[in-house]
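Encoded as structure tokens, the structure appears first; notes follow it.
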Amino acid sequence: MGILLIRHGQSDADLEAKRYEGKADFPLTETGRLQVKAMSEYIYKHFSIQHIFSSPLKRAKETAEILSCTTGTKVTFFEELSEMDNGVLKGMTKKWADKLYPKPKVPRKIHESILGGESEIDFRYRVEKIFSYILDESEKAGLHCIAVVGHGGTLSMILQVILRLPVGYAHFFTNDTGIHHIYCGKYPVVDFLNKTEHLQEHRKGDNDEKKGSGT
Numbered sequence: 320m321g322i323l324l325i326r327h328g329q330s331d332a333d334l335e336a337k338r339y340e341g342k343a344d345f346p347l348t349e350t351g352r353l354q355v356k357a358m359s360e361y362i363y364k365h366f367s368i369q370h371i372f373s374s375p376l377k378r379a380k381e382t383a384e385i386l387s388c389t390t391g392t393k394v395t396f397f398e399e400l401s402e403m404d405n406g407v408l409k410g411m412t413k414k415w416a417d418k419l420y421p422k423p424k425v426p427r428k429i430h431e432s433i434l435g436g437e438s439e440i441d442f443r444y445r446v447e448k449i450f451s452y453i454l455d456e457s458e459k460a461g462l463h464c465i466a467v468v469g470h471g472g473t474l475s476m477i478l479q480v481i482l483r484l485p486v487g488y489a490h491f492f493t494n495d496t497g498i499h500h501i502y503c504g505k506y507p508v509v510d511f512l513n514k515t516e517h518l519q520e521h522r523k524g525d526n527d528e529k530k531g532s533g534t
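Per this note's numbering, the very first residue in the sequence shown carries number 320; after that it's consecutive.
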């Protein structure tokens with residue numbers, strides 16, 4: 320089974336590098352919507368996805384809905400695909416968070432959590448459980464290509480699960496609308512990670528249009 324792991328487009332919080340996002344529910348920016356449109360057209364052109372599974376947080380939900388509309392594919396939302404719960408820090412500026420909840424001098428262990436949030440182990444269990452369910456239901460339905468739309472942390476955790484890595488062993492970075500493509504079977508096969516060529520094509524198209532219009 321081919322699995323496309325797709326990060327949402329740029330959100331309002333992404334514009335504020337000094338703000339914690341996590342489970343805070345920010346929508347896409349206009350740039351984010353353009354990114355998603357380009358990604359969706361790329362997916363439609365190169366893949367035949369049969370179902371989309373997505374986080375229900377606004378930035379992922381809108382991304383999945385645009386992808387669904389472009390490809391004509393049904394989408395199912397699971398709360399368990401949401402970003403890691405960062406508790407009291409969600410939506411807070413880093414400056415304010417440093418005053419109220421300064422980082423511990425020693426990095427948190429994988430079983431420790433931010434106040435009101437979840438630990439890495441909790442997060443791994445949540446993501447691995449829902450991903451196992453998604454795979455099982457997809458196999459029962461005879462699907463050969465699915466897409467999972469989510470967040471940087473969630474997608475990184477899914478990749479850890481697919482590659483059978485220990486909790487906290489590695490982190491996989493994903494750009495806005497970055498795409499990972501993995502084949503899952505007896506052994507996982509990585510086709511590509513964090514592909515963003517659709518954004519380059521989109522920018523090239525914009526530049527060509529401006530040249531053509533004389534602006």
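Glycine included, each C-beta is placed from N, C-alpha and C at the ideal position.
Legend entry - Alpha-carbon to alpha-carbon, V394 and A383: Between the C-alpha atoms of A383 and V394 there is a straight-line separation of about 7 Å.
Legend entry - Whole-Å CB distance - G341 paired with M403, under 8 Å assumed: Yes, they are in contact, since the Cβ atoms of G341 and M403 sit about 6 Å apart, within 8 Å.
Inset, instruction - Could you name the residues of the same chain whose beta carbon sits closer than 6 Å to that of G436, not counting the 5 residues immediately before and after it, in chain order? - result: Hits under 6 Å: D404, N405 and G406.
Inset, instruction - Please report how far the alpha carbon of D495 lies from the alpha carbon of R443, in whole angstroms. - result: Looking at the two C-alpha atoms, the distance is approximately 22 Å.
Legend entry - Inter-stretch contact (C-beta, 8 Å, three-pair minimum) for the stretch 416–423 and the stretch 442–462: Touching, no, given that fewer than three Cβ pairs across the two stretches are closer than 8 Å.
Legend entry - L323: first and last residue of the uninterrupted beta strand (DSSP E) it sits in: That run of the beta strand (DSSP E) goes G321 to R326.
Legend entry - Alpha-carbon spacing of F366 relative to E360, whole angstroms: Spanning the two alpha carbons is a distance of roughly 10 Å.
Inset, instruction - Could you tell me whether the Cβ atoms of M358 and I465 are closer together than 8 Å? - result: Annotated as distal: M358 and I465, with beta-carbon spacing of 8 Å or more.
Inset, instruction - Tell me, please, whether the stretch 423–431 touches the stretch 327–338 by the rule of three or more beta-carbon pairs shorter than 8 Å. - result: Because the criterion of three Cβ pairs below 8 Å is not met, the stretch 423–431 and the stretch 327–338 do not touch.
Inset, instruction - In angstroms with no decimal places, state the Cα-to-Cα distance between I322 and E349. - result: As the crow flies, the alpha-carbon of I322 is around 27 Å from that of E349.
Legend entry - Integer-rounded CB distance, given that L324 should sit under 8 Å from H499: With 8 Å as the limit, H499 and L324 qualify as a contact, their Cβ atoms being about 4 Å apart.
Inset, instruction - Identify the continuous beta strand (DSSP E) that holds H500 and give its terminal residues. - result: Residues I498 to Y502.
Legend entry - Environment of L484 [buried if 16+ CB atoms lie within 10 Å]: Counting Cβ neighbours within 10 Å, L484 comes out exposed, since fewer than 16 surround it.
Inset, instruction - Pick out whichever of G391, I362, S457 and T473 has its Cα sitting closest to the Cα of E398. - result: Minimum Cα-Cα distance from E398 among the listed residues G391, I362, S457 and T473 corresponds to T473.
Inset, instruction - Alpha carbon to alpha carbon, how far is G391 from S369? Give it in angstroms, no decimals. - result: The sequence given here places Gln at residue 369; Ser does not occur at that position. In this structure, the alpha-carbon of Q369 lies about 9 Å from that of G391.
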